[in-house]
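Note that the sequence shown covers residues 14 to 279 in the working numbering. Cβ atoms here follow ideal geometry from the backbone N, Cα and C, with glycine treated the same way.
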Amino acid sequence: MSKKETVKHTLVVALLVCIVCSVVVASTSVALKSSQQRNKVLDRNKNILAAAGIFDESKHSKADVPALFEQFTVKLADLETGRFISEAEAAEQGIDLQLYDQRKAAKDPALSVALSKSEDIAGIGRRERFARVYLVTSNDERIDRIVLPIRGYGLWGTLYGFLALEGDMNTVAGIGFHEHKETPGLGAEVDNPDWKAIWEGKEIYAADGDVALEVLKGAANPNSANAVHQIDGLSGATLTTRGVDNLIQYWMGDAAFGPLLDKLRS
Ligand SMILES: Cc1cc2nc3c(=O)[nH]c(=O)nc-3n(C[C@H](O)[C@H](O)[C@H](O)COP(=O)(O)O)c2cc1C
Numbered sequence: 014m015s016k017k018e019t020v021k022h023t024l025v026v027a028l029l030v031c032i033v034c035s036v037v038v039a040s041t042s043v044a045l046k047s048s049q050q051r052n053k054v055l056d057r058n059k060n061i062l063a064a065a066g067i068f069d070e071s072k073h074s075k076a077d078v079p080a081l082f083e084q085f086t087v088k089l090a091d092l093e094t095g096r097f098i099s100e101a102e103a104a105e106q107g108i109d110l111q112l113y114d115q116r117k118a119a120k121d122p123a124l125s126v127a128l129s130k131s132e133d134i135a136g137i138g139r140r141e142r143f144a145r146v147y148l149v150t151s152n153d154e155r156i157d158r159i160v161l162p163i164r165g166y167g168l169w170g171t172l173y174g175f176l177a178l179e180g181d182m183n184t185v186a187g188i189g190f191h192e193h194k195e196t197p198g199l200g201a202e203v204d205n206p207d208w209k210a211i212w213e214g215k216e217i218y219a220a221d222g223d224v225a226l227e228v229l230k231g232a233a234n235p236n237s238a239n240a241v242h243q244i245d246g247l248s249g250a251t252l253t254t255r256g257v258d259n260l261i262q263y264w265m266g267d268a269a270f271g272p273l274l275d276k277l278r279s
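Here you go:
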């Protein structure tokens, strides 16, 4: 063993290598964090635009997202009162409108309510009090389109998506599920453009104001009097289909976006 190959020397070299590596890993992680955050927001905004029928994969690229997204006004809706809250009111609740993380809020007892078994038809466990919604308005401040975050349990996990409605707060402009655990070729067909196209023009509410839209098991009959409220189920994926039907019932109903949409309609 040479003079340099002592146990102490080996340990010092190993320690130095560890320190250098951890500094490199930590600084890379810090440097990447802001770009990861930016990409996350870009992705979310792209999904919102896609649900609203504004982002077209064949025409647009991710680089177009920031400019396209500028047409949206972002609001925070209080699901208890069915009205939008101002930035100042949000601040009173300790919420920064720009940084509000709805998924985190749904787990926070101060910002969400636990749902009983009979209330929890979408299988979400807790429902946040405030929801971030996205509006496209015309010059006279009339709402032309609204995009709402929706979620609910499918077969293997929670499906997260956005539902866009026309300015009548009733006609579906588009839908998309950007995150789910359903099986490719079965439940994951919720992402199939052909299936999503069926939703466009369908109506959520019956004349009496009840949620009438249903995702059927099997194909809808286009000649049925209820055809405007009916969506074909996904074949071989009855459980995912039921999950989507349940989450529409929940989020469009009185316990979630129903009161807000009522107010906006009137
Ligand atoms: C490996 C595997 C993956 C499956 N994935 C899904 C799925 O993502 N969504 C779904 O609804 N059903 C899925 N199914 C099928 C369901 O178990 C069930 O058979 C199906 O929803 C049809 O229900 P039905 O027989 O009552 O019509 C899967 C089955 C298998 C074996």
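Enumerate in chain order the residues of its own chain whose CB-to-CB distance from residue i is below 7 Å, with the five nearest sequence positions on each side excluded.
i    : result
R145 : V87, L89, Y113, Q115, P162
I134 : N259, Q262, Y263
E93  : R142
Mapping DSSP to helix, strand and coil, what is residue i?
i    : result
A186 : strand
F97  : strand
T19  : coil
H73  : coil
Nearer than 7 Å: is that true of the beta carbon of residue i relative to any heavy atom of ligand 1?
i    : result
G249 : yes
P172 : The question names Pro, but residue 172 is Leu in the sequence shown. Checking the Cβ of L172 against ligand 1 gives no.
G271 : no
G136 : no
G165 : no
T86  : no
G214 : no
W208 : no
T23  : no
Report the rounded CA-to-CA distance for residue i versus residue j, giving the unit in angstroms.
i    : j    : result
L273 : D223 : 14 Å
D267 : G198 : 33 Å
E213 : I244 : 10 Å
V78  : L148 : 16 Å
S74  : L81  : 11 Å
I98  : Q111 : 13 Å
Leaving out five residues before and five after residue i in sequence, what residues of the same chain have Cβ atoms less than 6 Å from its Cβ?
i    : result
Q49  : none
S131 : none
Once you ignore the five residues that flank residue i on each side, which residues in its own chain have a CB closer than 8 Å to its CB?
i    : result
G189 : N60, A63, A64, G174, F175, D204, K209
Rounded to whole angstroms, how far is the Cβ of residue i from the Cβ of residue j, which I believe are closer than 8 Å?
i    : j    : result
G95  : G165 : About 20 Å; that fails the 8 Å criterion.
N183 : E154 : Incorrect: roughly 20 Å between the Cβ atoms, too far for contact.
Does the beta carbon of residue i sit closer than 8 Å to a beta carbon anywhere in chain C?
i   : result
T86 : In the structure shown, chain C cannot be found, because there is only a single protein chain.
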